[in-house]
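In the numbering used here, the protein residues as written are 3 to 265. Backbone N, C-alpha and C define an ideal beta-carbon position, used for all residues, glycine too. These figures come from a predicted structure and were not determined experimentally.
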Ligand SMILES: [Zn+2]
């Protein structure tokens, strides 16, 4: 028994030593001393809106992120043609590159509510970490800059001051949520992931969005015109309208978000 334990202990020491020497360095972090700051606990909050409770007239809030890149005309033209209201989260980066789409939003204030998706599309997490490979803001000041920079660019572009914020990746740590709430924002989670970050196929995207229920908040993207997902989004809009859906914007209704994002 003792011999086995000793042998195991010796083996562990040997492995540790080998890693410490840097010989087999495939997973060096696994045995290096624990880092001072553990990975922050991240949340991806849900958001629901007040239901219509009218059969055949589900109330749904469509939200679209304009992260960076271009405008998806397939979605934009469908929203305008079908007169479907939506809430669009824009970054300062996207606004700068898409003045024509901004013009469409501003010409249709009855359809589009524009809200804050940040300045540079940096996750609103106030400790350093990577989310889907994107470096977080990493400090309180950087989170504040991301939020304030986004809002300043919106106002400079002629958009009314935003009241909602949704950070890049829609993930936060709880202290960043507290900070952003203290800046006066509600934080926009969602309840239906419509397009999987714009990476899903057209058919599955259409199916996901068209199956939204009374009180759901759908998230999808309006900045990836070359992705198949956008085709599915545009089709789903028509499907939902045909089903008698009541489309609302976040500013039009009562809402409930978890992780202290709206209360
Ligand atoms: Zn985004």
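- A direct Cα-to-Cα measurement between residue 224 and residue 118 gives close to 14 Å.
- The set of residues whose C-beta lies within less than 6 Å of a heavy atom of ligand 1 reads, in chain order, 67, 69, 119, 123 and 170.
- The criterion of a C-beta distance shorter than 7 Å is satisfied by residue 212 and residue 238.
- For residue 64, the enclosing beta strand (DSSP E) stretches over residues 61 to 68.
- In the three-state reduction of the DSSP assignment, residue 258 falls in the strand class, which pools E and B.
- For residue 170, there is no enclosing alpha helix (DSSP H), since its DSSP letter is neither H nor E.
- In the same chain as residue 251, and ignoring 5 residues on each side of it, the C-beta atoms closer than 6 Å to its own belong to 87, 89 and 115, in chain order.
- In this structure, residue 148 lies near residue 121, with their beta-carbon atoms less than 7 Å apart.
- Put simply, the backbone Cα of residue 175 is about 16 Å away from that of residue 192.
- Here the C-alpha atom of residue 80 lies approximately 45 Å from the C-alpha atom of residue 40.
- Per the coordinates, the alpha-carbon of residue 52 lies some 23 Å from the alpha-carbon of residue 197.
- Distance from residue 47 to residue 260 at the Cβ level is roughly 5 Å; contact confirmed, criterion being Cβ atoms closer than 8 Å.
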